[in-house]
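As structure tokens, the structure follows; a few thoughts come after it.
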């Protein structure tokens, strides 16, 4: 016996929907779609709310943080030989930083590609919630080129690698050239720093991460403080190198013509002219350690301790400590000279220290003020919920579902109670707001798109927003249907066993624009129905986060009276097309017809064989089988009863 299980995917032919308000088709290509319909264009365009894009954004954020931590380390490339009074560079450090920086730059190139292939919300639909996704690659590229491409392109350029490996940097005889080239790195550093803040804000907005705890805010500000100290420490080191070079140059100008600026490059240590000049020069006493002949100002400690001649880890640790101390004291403990660069550097440290201190104080005040009545109410509610669950001894799985629902509701609505705000408004304003928010959403439901404006307005007034977490059971087969749900975002699984009949299983996927609980519509349109609600013929469970609007049985009764005044045959057809109950019946009807066809074909073949055997004298048994088959082959019936049509024309 063949299995009576039906699969809609085998018997239902999916047809491309016409171009409606929620689906734009240009030259046969879908250019706008809901986020939930992304599977249809997977591999060509990325969904900005998809898991892959979210995961990539986190990876790229880590790479960007590594990048802004690496860039200031290029300032530590110059090093000083205190014994010979010359400047060289740390080649091994330069090679290491170049490799790491080049690897990180690959992430920026990938980010540009991802941005060119990531859909975006159409601005005209953002008032309707999450909005529709624009999928046209040309529009995506055009928008990206106009907005963020320039900054992303500048951030992806390998500026530090190119500048530090240029011959002008390696072979320059001018000490100021080496330090000036390194300052260009800061230009790209600030671009990448801006992109990091922008990306972290975007990730927080998309994922719904809420930093409500004081600890999270403190850690965030400490990271900012350490990053600023890291940058100022590197600038302090480079400034000390530059000041020593200025001292050498001033001494060299006094000892001309025997001195040349190229002598301060460690590449010329073996030059005979440099050797003779250095033996007769007084540069070690003027510019060396423990000297009072030259005013080093704020970098005196760095010169006195010979920081520029130490190994990388030691000099980096010292400069990082100096940056932390300077920022903590807001440059009050820094003894600056009259050198213009030092003065401006101290001013910048002081302003940055004040800004970071203000941010810390402001953030802490914000976190403390966030413990408002609304937040306390939520926490008290959570405590009451936990006590109630303990009192009722609910199982762990059920407790997790309750906690997940409460957390989802809190993240989704935040500290704003939308229903409470609407309840405080006058009736006419409340009605206008609901129409403004819901009318386009309601029109996206094909069943409602056939109705006039007055009917749609009446529906908008009575729609109730519903949000569901994954795994929520909205309808259960055999239970009374209390409301009709119209899906706006998210996907649901709908299945039926035809009342628990053995061997029968029908399952389908419900998405945006679909509805469930259509049994309630048939009940509401029948004037002969009593108070008993109809039983659901399907079980509906949410697969992902679902946003929907619900019409209760009472409200649907009111709207149903308007339905019968329309006398529109298209409404009957639209209801049948989008009703999963009718789809199941149609699939089972096709399956039964196919079985009858196969049975008739088999009997026809048996008849031909019987005639052949009869001519040969052996046909009694076959004739009996024929009679039995002819009596039973037309008795195959559709396993699912035909649904009732709503009474559209009973006025």
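In the working numbering, the protein residues as written are 17 to 667. Note that beta-carbon positions come from the ideal geometry of N, C-alpha and C, so glycine has one too.
Check: Identity of the residue in 88, 126, 288 and 157 nearest residue 203 by Cα; Outcome: 88
Check: Whole-angstrom C-beta distance between residue 572 and residue 537, which should lie under 8 Å; Outcome: 7 Å
Check: Contact between the stretch 57-75 and the stretch 158-171 (3+ Cβ pairs under 8 Å); Outcome: no
Check: Where residue 381 falls: helix, strand or coil (DSSP); Outcome: helix
Check: Span separating the alpha-carbon of residue 495 from that of residue 552; Outcome: 6 Å
Check: Residues near residue 370 by beta carbon distance below 8 Å, same chain, minus five either side; Outcome: 346
Check: Beta-carbon spacing of residue 182, residue 80 below 8 Å; Outcome: no
Check: Where residue 281 sits in the DSSP three-state scheme; Outcome: strand
Check: Classification of residue 458 by the beta-carbon crowding that lies within 10 angstroms, buried from 16 upward; Outcome: buried
Check: Identity of the residue in 213, 331 and 129 nearest residue 106 by Cα; Outcome: 331
Check: Under the three-state DSSP convention, the category residue 268 falls into; Outcome: helix
Check: Cutoff 8 Å: residue 459 Cβ touching any chain B Cβ; Outcome: In the structure shown, chain B cannot be found, because there is only a single protein chain.
Check: Start and end residues, alpha helix (DSSP H) containing residue 107; Outcome: 107-132
Check: Separation of residue 367 from residue 314, as counted between CA atoms; Outcome: 17 Å
Check: Residue 556 beta carbon less than 8 Å from that of residue 491; Outcome: yes
Check: For residue 476, the three-state DSSP class (helix, strand or coil); Outcome: helix
Check: Continuous beta strand (DSSP E) assignments of at least 3 residues falling wholly in the stretch 494-540; Outcome: 499-505, 508-512 and 522-526
Check: Host beta strand (DSSP E) of residue 442 (start-end); Outcome: Run containing residue 442: none; DSSP gives neither H nor E here.
Check: Burial state of residue 412, where buried means 16 or more other Cβ atoms lie within 10 Å; Outcome: exposed
Check: Cα-Cα separation between residue 483 and residue 499, rounded to whole angstroms; Outcome: 14 Å
Check: Endpoints, beta strand (DSSP E) assigned at residue 335; Outcome: No beta strand (DSSP E) holds residue 335; the alpha helix (DSSP H) holding it covers 328-344.
Check: Residue 200 versus 218, 170 and 217, residue with shortest Cα-Cα distance; Outcome: 170
Check: For residue 137, the residue or residues it bridges with in DSSP; Outcome: 149
Check: Residue from 575, 101, 479 and 612 with nearest C-alpha to residue 467; Outcome: 575
Check: Short Cβ contact (8 Å threshold) for residue 15 with residue 64; Outcome: The chain is shown from 17 up to 667; residue 15 falls before or after that span and cannot be answered.
Check: Limits of the beta strand (DSSP E) - the one that residue 557 falls within; Outcome: 555-558
Check: Cut-off 8 Å between Cβ atoms - residues of its own chain near residue 365, not counting five sequence neighbours on either side; Outcome: 248, 342, 343, 346, 347 and 350
Check: Per-residue DSSP class, three states only, for residue 309; Outcome: coil
Check: Where residue 562 falls, given that 16 or more other Cβ within 10 Å makes a residue buried; Outcome: buried
Check: Nearest neighbour of residue 309, chosen from 264, 275 and 273 [CA to CA]; Outcome: 264
Check: As assigned by DSSP and simplified to three states, the class of residue 354; Outcome: coil
Check: Segment contact, 8 Å Cβ cut-off, at least three pairs: the stretch 286-297 with the stretch 239-258; Outcome: no
Check: N-terminal and C-terminal residue of the beta strand (DSSP E) that residue 96 is part of; Outcome: 94-97
Check: Backbone secondary structure at residue 104 - three-state DSSP; Outcome: strand
Check: Member of 554, 559 and 472 whose CA lies at the smallest distance from the CA of residue 508; Outcome: 559
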